[in-house]
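Structure below.
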């Protein structure tokens with residue numbers, strides 16, 4: 129019987145080869161597939177194209193892959209504070225395609241929903257529109273943007289079951305469900321892996337049909353990028 | 129303070145006037161907004177354009193509006209067994225636009241996601257393609273289909289809260305969430321209305337931003353169209 | 270000759286472990302009864318369910334849980350529920366491995382007609398046009414000839430089309446046939462007791478017969 | 270002259286009961302502190318949250334619950350979580366009533382530049398291009414002049430654009446201005462102690478002054 133459950137990150141990423149195009153879920157450091165990123169660093173796979181909203185920080189998340197110069201090209205909406213990223217970009221080692229965040233999300237959705245292209249007004253009249261088809265609907269201009277074509281999508285969920293169904297927790301959901309739908313092969317790491325039947329079918333965010341490999345991750349650090357708090361006193 | 133909660137179906141549909149375009153959730157008789165349909169029948173509003181996957185049966189659901197000749201045009205994928213529907217269609221009283229079910233769903237999604245048009249291969253090479261723009265992506269032909277433009281979307285959910293958040297139960301979800309996103313004004317009737325804060329934010333299917341009016345419906349019949357069972361014995 | 274049940278049984282042999290399968294109404298529905306033991310198959314119902322289970326026991330029917338044929342059904346461990354946009358999204362994105370549906374006509378280039386008969390009341394295409402336009406692997410389950418005795422495997426469809434160049438395989442009461450990429454019905458197997466000549470007579474489109482054609486086996 | 274807090278306080282007066290509002294980073298974030306009592310406003314965070322609450326109490330930070338500025342936050346009764354595609358879907362579909370964001374430059378025809386300075390490290394536009402291209406109602410919160418003393422209200426933006434013809438209103442430390450449909454900055458209010466002449470000197474684009482211009486009131 130086909131079994132989607134793999135032993136861990138190493139097995140899950142076993143066939144990710146140099147030059148692959150990867151989607152990586154997460155927003156900032158929230159909801160990133162920590163186990164798979166660490167395994168990719170260990171595996172030393174190179175020349176990757178990474179589609180991810182952000183690029184991690186210097187010593188965590190995708191930043192670790194940048195440190196090892198594993199990434200040829202980043203497709204992101206915001207690359208934040210990352211000194212190594214900046215160095216590689218300025219030296220020409222790293223190619224960067226900055227695209228609007230909604231365009232990024234919707235190009236994932238398009239892939240997952242079998243729509244070859246979508247229309248968005250984001251970027252009309254800006255350098256993002258250069259070379260793109262512009263089309264007017266009801267008096268408003270839209271850019272035609274193409275569905276992503278990624279070899280692998282790597283996502284992090286809160287809970288998953290052996291059928292590949294995923295549930296996300298709070299804002300760590302972000303890009304994970306849309307990327308899960310968009311990979312030719314989708315790898316999900318979860319904080320808790322349960323038997324099929326333990327998750328309520330009504331509460332599943334990503335149906336198992338979209339998930340090819342799943343495993344329970346370990347040692348999640350879940351680093352916080354901007355720890356903001358208020359005092360316990362009122363106000 | 130703005131209050132989305134209305135007293136019932138009559139108040140919810142108070143401003144639906146003759147000639148309006150309505151979306152009505154449900155698949156067959158499953159998940160249809162029974163209370164609002166009954167109120168529309170009582171209100172005797174006419175010349176409606178109804179976007180709904182099906183048209184009910186003779187004596188239930190949208191069929192009741194057909195009996196009262198309130199509908200000028202149906203936009204559906206399958207109109208099933210409905211003698212009055214057939215009579216009105218053949219006599220020319222009723223206009224019918226039959227479109228593929230996925231196209232119907234995706235045109236709703238497009239409206240809810242602010243995408244003026246989408247591409248689908250459904251109907252290429254058939255009479256559905258007549259007069260439509262065909263576009264080839266990666267060697268495959270797609271039709272360009274436009275987002276729906278509906279005055280009101282009327283949906284039925286299982287639970288809702290005073291902020292307009294909705295949760296659906298089992299396959300009564302169907303078209304309801306995508307239509308909820310697509311109406312200029314969205315009306316939700318729910319089996320159980322609770323205070324904001326009682327629904328888990330992670331389990332909300334339709335965020336309240338899409339819902340303008342909400343009420344707890346009553347006397348749900350939830351009729352079954354095809355009651356199929358197996359014997360209690362094995363096999 | 271094969272019964273409807275036997276057509277379904279033969280089609281079930283095409284289903285592989287791990288497949289996600291969408292079954293149309295009619296003979297395709299029967300396929301669920303013959304899925305080989307030991308393989309894991311998930312049935313998709315396009316109204317928004319993965320993991321369709323059997324009919325409920327009497328008294329356990331749930332009006333909120335139906336399949337695309339509006340029949341009361343059940344879920345299974347691992348089932349998931351989603352909305353209609355996601356359902357057809359996964360169909361368009363070819364996440365569904367196999368689609369099995371009925372047809373009124375199939376042409377030798379793989380066109381299918383199964384939704385409309387001019388002059389008769391039209392009920393609509395439902396999800397059929399989405400399924401045939403998107404699926405990477407479609408098997409048609411149907412009778413070889415219609416009630417008037419006319420072949421349903423044609424050089425060209427006469428009825429309004431549901432989809433073009435999309436059908437890969439056909440299973441009838443007489444035969445199993447592939448639709449060739451270059452056009453034509455390639456005879457793969459014949460039903461027990463059915464001659465190649467009879468299949469030829471029952472097939473209006475171009476029939477390709479090469480090598481030995483075995484009788485279908487259902488064991 | 271107004272402080273950043275006072276700019277935020279003035280903008281908060283534009284928020285109406287029932288509004289769904291997206292607040293950008295910087296001064297816009299401060300607006301949340303001045304939402305009038307008795308009105309119900311829901312804050313959207315484009316990473317996938319409606320109903321953003323205040324920062325958590327110390328020790329209650331949740332790494333899985335952040336806003337678009339990556340700050341730890343909380344939810345409120347009625348909050349909902351969704352994925353990034355739905356988040357920008359509701360933005361594109363203009364379900365968000367008001368967007369408040371900062372800018373480096375605004376032109377007199379409503380163009381905005383706020384994401385890129387040639388020669389400097391580019392961090393990316395994040396969700397800003399989606400927000401400005403889609404929102405029906407955008408207010409810019411910014412300083413009237415930059416650190417070099419140059420006006421940020423220009424006949425034409427000099428920096429790479431974020432969006433075109435999209436800004437409706439601007440609130441600065443000196444004034445409240447509307448961007449006119451036909452072009453030009455229409456002076457609506459001036460900050461206490463700031464003269465029309467000073468605003469004129471600080472505005473490189475066409476300033477339209479008609480009738481009496483009152484001082485802003487923040488009560």
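Protein chains in written order, with the numbering used here: chain A, 129 to 363; chain B, 129 to 363; chain C, 270 to 488; chain D, 270 to 488. For each residue, glycine too, the CB sits at the ideal point set by N, CA and C.
Here residue 213 (chain A) carries a helix assignment [DSSP, helix/strand/coil]. 8 angstroms or more divides the Cβ of residue 293 (chain A) from the Cβ of residue 322 (chain C). Listed in chain order, the non-local C-beta contacts of residue 238 (chain A) below 6 angstroms within the same chain comprise 246 and 275, local neighbours out to five positions each way being set aside. For the stretch 422-478 of chain C, the continuous beta strand (DSSP E) assignments of 3+ residues that do not extend past its boundaries occur at 438-440, 444-448 and 454-459, in sequence order. Counting every other CB atom within 10 Å of its CB across the protein chains shown gives residue 425 (chain C) a total below 16, marking it as exposed. Around the beta carbon of residue 474 (chain D), a 10 Å sphere encloses 16 or more other beta carbons of the protein chains shown; the residue is thus reported as buried. Per DSSP, the beta-bridge partners of residue 326 (chain C) are B:358. Residue 288 (chain B) is bridged by DSSP to B:294 and B:321. About 15 angstroms separates the CB atoms of residue 224 (chain B) and residue 198 (chain B); that is not less than 8 angstroms, and the two are not in contact.
Restricting attention to beta strand (DSSP E) runs no shorter than 3 residues, the stretch 281-334 of chain C encloses them at 289-292, 311-314 and 318-322, ordered along the chain. The beta-carbon separation of residue 340 (chain A) and residue 315 (chain A), rounded to 7 angstroms, stays under the 8 angstroms limit for a contact. Near chain C, meaning a CB-to-CB distance below 8 angstroms, the residues of the stretch 332-344 of chain A are 332, 335, 336, 337 and 338.
Fully enclosed alpha helix (DSSP H) runs of no fewer than 4 residues occupy 353-361 of the stretch 345-389 of chain D, in order along the chain. Interface flag for residue 340 (chain C) against chain A is unset, since no Cβ pair is found closer than 8 angstroms.
Fewer than three beta-carbon pairs drawn from the stretch 216-232 of chain A and the stretch 409-426 of chain D are found closer than 8 angstroms, and the two stretches are therefore not classed as touching. Contact between residue 468 (chain D) and residue 476 (chain D) holds: CB atoms are separated by about 7 angstroms, below the 8 angstroms threshold. Interface with chain C (8 angstroms Cβ-Cβ cutoff): residue 243 (chain A) is included. With a cut-off of 8 angstroms on Cβ pairs, the stretch 275-285 of chain A is not in contact with the stretch 279-288 of chain B, counting fewer than three such pairs.
The stretch 256-269 of chain B and the stretch 367-385 of chain C do not touch, with fewer than 3 CB-CB distances between them shorter than 8 angstroms. Per DSSP, the continuous alpha helix (DSSP H) segment holding residue 165 (chain B) begins and ends at 162-171. Taking the CA atoms as reference points, residue 351 (chain A) sits about 59 angstroms from residue 273 (chain C).
Separation of residue 240 (chain A) and residue 280 (chain A) (C-alpha to C-alpha, rounded to the nearest whole angstrom) is 12 angstroms. With fewer than 16 other Cβ atoms inside 10 Å of its own Cβ, residue 349 (chain B) counts as exposed. At a cut-off of 8 angstroms, the C-beta of residue 324 (chain A) has a neighbouring C-beta in chain C. Taking 8 angstroms as the cut-off, the Cβ atoms of residue 316 (chain D) and residue 368 (chain D) do not count as close. The contact set of residue 130 (chain B) on chain D, defined by CB atoms closer than 7 angstroms, consists of 286, 287 and 309 in chain order. Secondary-structure assignment with DSSP links residue 341 (chain A) through a beta bridge to A:315. One Cα belongs to residue 300 (chain B), the other to residue 160 (chain B), and the distance between them is close to 8 angstroms. In this structure, DSSP gives residue 186 (chain A) a state outside helix and strand, which the three-state scheme calls coil.
Contact between the stretch 141-157 of chain B and the stretch 178-190 of chain A is not established, with fewer than three Cβ pairs separated by less than 8 angstroms. If you draw a straight line from the Cα of residue 243 (chain B) to the Cα of residue 358 (chain D), it comes to about 8 angstroms. Apart from sequence neighbours up to five positions away, the residues of its chain that approach residue 327 (chain A) with a beta-carbon distance below 7 angstroms are 287, 289, 293 and 295, ordered along the chain.
When the five nearest sequence neighbours on each side are left out, the beta carbons in the same chain lying within less than 6 angstroms of the beta carbon of residue 433 (chain D) are those of 380, in order along the chain. In the pairwise beta carbon analysis, the stretch 249-264 of chain A is classified as touching the stretch 396-404 of chain D: at least three pairs are separated by under 8 angstroms. Rounded to the nearest whole angstrom, the C-alpha separation of residue 211 (chain B) and residue 165 (chain B) is 19 angstroms.
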